[in-house]
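Just so we're aligned, residue 0 is where the sequence shown starts under numbering that gives the first Met the number 0, counting upward by one. Since the structure comes first, as structure tokens, the remarks are kept for the end.
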Amino acid sequence: MTRLAFLLFILTILSRSIKTIIYRPVVLMHGIVAFTSDMNELAGWLRTSFPGIYIVSIEIGNNFDDSFLWSLDKQVEHFCTRICNDIHLQQGFNMLEFSQRSLIVRDAVE
């Protein structure tokens with residue numbers, strides 16, 4: 000009887016874990032002279048479409064002036080620091096970027 004109870008317990012745990020879908024986190028990168036809030040609509044759509052997904056929108060500097068006036072190297076360094084300091088991104092993530100921000104993302108990957 001205890002073997003049957005143990006087997007049912009294991010099957011219950013397995014069936015619940017199989018139904019759990021874990022999505023890879025997403026990093027959003029706004030366009031040049033833009034704000035992270037410009038990505039809110041996309042982030043909302045992703046959260047609705049993929050419940051429980053972790054989404055972070057990276058801001059370059061403190062305002063859109065920094066995203067325009069900082070050197071590309073400084074922007075890449077800032078981006079990489081934010082990525083490395085986020086524990087949710089340590090096992091991998093997907094990135095979506097707009098406009099010239101693809102240059103920063105590609106440089107960070109390389």
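C-beta: ideal position from N, C-alpha, C; glycine also.
Closest Cα partner of residue i within the set the options
i: Ile21; options: His87, Glu76 and Ser70; result: His87
i: Cys79; options: Glu109, Ile52 and Phe97; result: Glu109
i: Tyr53; options: Arg105, Leu68 and Gln89; result: Gln89
Test item: CB-CB of residue i and residue j under 8 Å
i: Ala42; j: Val75; result: no
i: Val26; j: Phe92; result: yes
Spatial neighbours of residue i in its chain, beta-carbon cut-off 8 Å, leaving aside the 5 residues before and after
i: Leu102; result: Leu71
First through last residue of the alpha helix (DSSP H) which encompasses residue i
i: Ile82; result: Leu71 to Cys83
i: Ser48; result: Asn39 to Ser48
Whole-angstrom distance between residue j and residue i, CA atom to CA atom
i: Pro24; j: Phe34; result: 20 Å
i: Gly30; j: Pro50; result: 25 Å
i: Asn84; j: Met28; result: 16 Å
i: Trp69; j: Val55; result: 21 Å
i: Arg105; j: Phe67; result: 18 Å
i: Leu45; j: Asn39; result: 10 Å
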